[in-house]
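Note that this note's numbering has the sequence shown beginning at 2, numbered continuously upward.
Using N, Cα and C, we set each Cβ at its ideal position, and we do this for glycine too.
A quick note: this is a predicted structure, and the numbers were derived from the prediction, not measured.
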Amino acid sequence: MSKPAATVRELIREHHAALTQSERKFAQALLENYPAAGLASITIVAANADVSTPTVARMVQKLGFKGYPQFHQALLKELEAKGSGPTQRREKWASEAPESHLLNRFAQTVTRNIEQTFANIDTESFDGAASQLADTKHQLYVVGGRITRALADYAFTHFQAVRPRVTSMTASSATWPHYLLDMEKGDTLLLFDVRRYETNLERLAELAAERGVQVILITDQWASPISRVARFSFNCWVEAPSAWDSNIATMMLLEALIAATQEECWPETRDRYERLDALFDLTRLFR
2 MSKPAATVRE LIREHHAALT QSERKFAQAL LENYPAAGLA SITIVAANAD VSTPTVARMV
62 QKLGFKGYPQ FHQALLKELE AKGSGPTQRR EKWASEAPES HLLNRFAQTV TRNIEQTFAN
122 IDTESFDGAA SQLADTKHQL YVVGGRITRA LADYAFTHFQ AVRPRVTSMT ASSATWPHYL
182 LDMEKGDTLL LFDVRRYETN LERLAELAAE RGVQVILITD QWASPISRVA RFSFNCWVEA
242 PSAWDSNIAT MMLLEALIAA TQEECWPETR DRYERLDALF DLTRLFR
């Protein structure tokens, strides 16, 4: 299976060291409103980023594009991919799939997803998120969407064992104002949102951020709009030869965050584990 073309986001990260200060200014403006900030004409996107048109043209070429039209087309394709549903994804993979067995194609794809995900994680952001998740003086709220609520449930089960003050928010957005009512400055909201991004999750994140809650977003390679208000945002590669996206890379990142949070909280977490096991013995939950 041929390797998919790198996204513009990946190219910016790859070539960031070679960019000038003004080019980095445009790159930052693009990433803050990605990919919408690059979908207008070159003169408009330059003006919006407060840089010159030649600055944009030079940066585009440094990223490997022949010119701005090719760069613009790449962003349009990414935008189209963002909104694709299961049927479109299935058709895309069916048309591109080689004749090898599905198991081999799937293994190759998810392995590449994991590699791309972890290669693009900023270690300082990862450590910062783990430290935020380990802040037991404040409440940790966990929520996911239609598909990602399974990831949120998994995260809640583990973080509840690792540390106190963890709240699993229900899947019904009608109940979220009750949680917002209790959120305080310094609390953490761990949120999962992947393509065909959910407007109710975006509004929840905005309201939480306005209250001083630290939002940690786990999303896909195209990035949920929630990244605009998130303190920490992690992009996971999710495409697979299926009508459905893969959560394997996302799960690996989540488990890495759980492990890092556990280490941040140790030895308090060790004591919590021991007391939890004692309660399991009393309830005879396990054989």
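| threonine 110 versus leucine 182: straight-line alpha-carbon distance, rounded | Each residue's Cα considered, the two are about 42 Å apart.
| request: Decide if the region 191 to 198 is in contact with the region 146 to 162; the criterion is three or more beta carbon pairs, one per stretch, under 8 Å apart. | output: Below 8 Å, enough C-beta pairs join the region 191 to 198 and the region 146 to 162 to call them touching: three or more.
| task | For leucine 8, count neighbouring C-beta atoms within 10 Å of its own C-beta (all shown protein chains included) and say buried if the count is 16 or more, exposed if not. | result | The sequence given here places threonine at residue 8; leucine does not occur at that position. So threonine 8 counts as buried.
| said: So, for phenylalanine 107: in the same chain, excluding its five sequence neighbours on each side, which residues have a beta-carbon less than 7 Å away from its beta-carbon? | reply: So the qualifying residues of the chain are Ala241, Pro242.
| message | For threonine 189, which residues in the same chain have their Cβ closer than 6 Å to its Cβ, ignoring the five residues on either side in sequence? | response | For threonine 189, where only same-chain residues beyond five positions count, the Cβ hits under 6 Å are Gln133, Leu141, Gln215.
| field | Residues near leucine 255 in its chain [Cβ-Cβ closer than 8 Å; skip 5 each side] | value | So the list reads Leu152, Tyr155, Ala156, Ile219, once near-sequence residues are dropped.
| message | Looking at isoleucine 227: is its Cβ nearer than 8 Å to the Cβ of leucine 191? | response | When the beta-carbon positions are compared, isoleucine 227 and leucine 191 stay at least 8 Å from each other.
| request: Report yes if the CB atom of alanine 38 is closer than 8 Å to the CB atom of methionine 60, and no otherwise. | output: Not in contact: alanine 38 and methionine 60 (Cβ atoms no closer than 8 Å).
| message | If you measure between the beta carbons of tryptophan 267 and alanine 250, is that distance less than 8 Å? | response | Not in contact: tryptophan 267 and alanine 250 (Cβ atoms no closer than 8 Å).
| task | Buried or exposed for aspartate 246, please, with buried defined as at least 16 other CB atoms from any protein chain shown within 10 angstroms of its CB. | result | Classification for aspartate 246: buried.
| query | Taking the alpha-carbon positions, what's the alanine 244 to aspartate 221 distance? | reply | Their backbone Cα atoms lie some 16 Å apart in a straight line.
| request: Return the first residue and the last residue of the beta strand (DSSP E) that threonine 220 is part of. | output: Run containing threonine 220: 215 to 221, per the beta strand (DSSP E) assignment.
| query | Which whole-angstrom value describes the C-beta separation of arginine 14 and asparagine 114, a residue pair presumed to lie in contact below a C-beta threshold of 8 Å? | reply | Taking the Cβ atoms as the reference, arginine 14 lies roughly 17 Å from asparagine 114, outside the contact range of under 8 Å.
| task | Taking valine 163 as part of the alpha helix (DSSP H), name the residues at either end of that continuous run. | result | Where valine 163 is concerned, the enclosing alpha helix (DSSP H) starts and stops at 150 to 163.
| task | Pick helix, strand or coil for valine 239, following the three-state DSSP scheme. | result | Of the three classes helix, strand and coil, the one that applies to valine 239 here is coil, per DSSP.
| message | Rounded to the nearest angstrom, what separates lysine 186 and tryptophan 177 at their Cα positions? | response | Going by the C-alpha atoms only, they are around 17 Å apart.
| request: Could you tell me whether the Cβ atoms of lysine 26 and valine 52 are closer together than 8 Å? | output: Going by C-beta atoms, lysine 26 is nearer than 8 Å to valine 52.
| query | Between the C-alpha atoms of leucine 202 and aspartate 194, what's the straight-line distance to the nearest angstrom? | reply | The straight-line gap from Cα to Cα measures roughly 7 Å.
| Taking the DSSP output, what are the residues bridged to leucine 190? | Per DSSP, the beta bridge partners of leucine 190 are Tyr142, Val216.
| query | Can you tell me the Cα-Cα spacing of threonine 137 and arginine 166, whole angstroms? | reply | Looking at the two C-alpha atoms, the distance is approximately 7 Å.
| field | Host alpha helix (DSSP H) of threonine 8 (start-end) | value | No alpha helix (DSSP H) contains threonine 8, which DSSP labels as neither H nor E.
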